[in-house]
Amino acid sequence: MGASIVVIASIVSLDLIAFGLGLAAEQRRAAGVYVSISNEATQWCQYSSDLTTALAAGAFAALVISQLLVAFTTRCMCFGVSLKPGAARIFAFLFCILNWITFFGAEAFFLAGAVSDAKHVRYFSSTFGKEINCEAIRKDTFVAGMALTIASCILSISYYFCYSKSQDAFGKVRFNRVEDGLSMSHYP
């Protein structure tokens, strides 16, 4: 099989797209503006309509596509030919597990950021003179998603390289000489 440059470039580009969308979502986090009507006791936090939810959803989707590409290319280590026992197979298994953990973590942070931004439309309150607290999305939500996206990219490539190396090593066992195999006749 060998490590394909096209697959590696696709994985890296999709993960960089997810990272860039996460960075853009971090820069455009919604900040609430306190609004109060002076003659009434009604007050609320008004949030500007922005693209943070769409950017976080785009980062989520790009990361899912990247992970599916790795999973389909390597057949999730479950299907296809077996891998040669050795260090490459052990590291492929280790990188596969760590890759899935970082993938789910990054997806959770992007999803949490998108959901918490989407629910910030307006909060009404009648607190009789007390100011309400206008919440914003936590600053570290998208940053954690971006950090785990980079970790997932590194682990995906490492997993793909180790998987390819182990699969190539297994495919090199060949019977090229007549003496190496069973002869079906008594002739040499």
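Numbering-wise (the numbering used here), the sequence shown opens with residue 2 and increments by one. Where is the CB? At the ideal position from N, CA and C, for every residue including glycine. Predicted model, so just to flag it, every value in this text is computed and none were measured.
Check: Suppose you measure from the CA of G106 to the CA of C163; what does that come to, to the nearest Å?; Outcome: 23 Å
Check: I'd like the list of long-range same chain contacts for L70, defined as Cβ closer than 8 Å, with 5 residues on each side in sequence excluded.; Outcome: V8, S11, I12 and L15
Check: Under the assumption that R90 contacts L84 (Cβ atoms under 8 Å), give the Cβ distance between them as a whole number of angstroms.; Outcome: 4 Å
Check: Let me check understanding here. Comparing Cα to Cα, which of T54, A93 and C79 lies closest to A113?; Outcome: T54
Check: Considering just the uninterrupted stretch of the alpha helix (DSSP H) at F80, what are its terminal residues?; Outcome: It is not in any alpha helix (DSSP H) - F80 carries neither H nor E in the DSSP assignment.
Check: Figure out for me which residue from L24, A58 and A62 has the closest Cα to the Cα of A201.; Outcome: Nothing can be reported for residue 201: it is not among the residues displayed for the chain, which extend from 2 to 189.
Check: Out of L17, F92 and C97, point me to the one whose CA is closest to M147's CA.; Outcome: L17
Check: Considering only the beta carbon of each residue, do L99 and L52 sit closer than 8 Å?; Outcome: no
Check: Please look up how many angstroms separate the CB atoms of L56 and A25, rounded, as I've assumed it's under 8 Å.; Outcome: 5 Å
Check: For T74, which residues of its own chain have a beta-carbon under 6 Å away from its beta-carbon, when the five flanking residues on both sides are left out?; Outcome: V8
Check: What residue range is occupied by the uninterrupted alpha helix (DSSP H) comprising S5?; Outcome: Per DSSP, S5 belongs to no alpha helix (DSSP H) and is neither H nor E.
Check: Helix, strand or coil for G114? Go by DSSP, reduced to three states.; Outcome: helix
Check: Rounded to a whole number of angstroms, what is the C-alpha to C-alpha distance between G3 and A109?; Outcome: 32 Å
Check: Cutting at 6 Å between CB atoms, please list the residues of its own chain near A115, excluding the five before and the five after it.; Outcome: T54, A57 and A58
Check: Are S165 and F104 touching if we call contact CB-CB under 8 Å?; Outcome: no
Check: Excluding the 5 residues preceding and the 5 following S159 in the sequence, name in chain order all residues of the same chain whose CB lies nearer than 6 Å to its CB.; Outcome: F96
Check: Is the beta carbon of A63 closer than 8 Å to that of L22?; Outcome: yes
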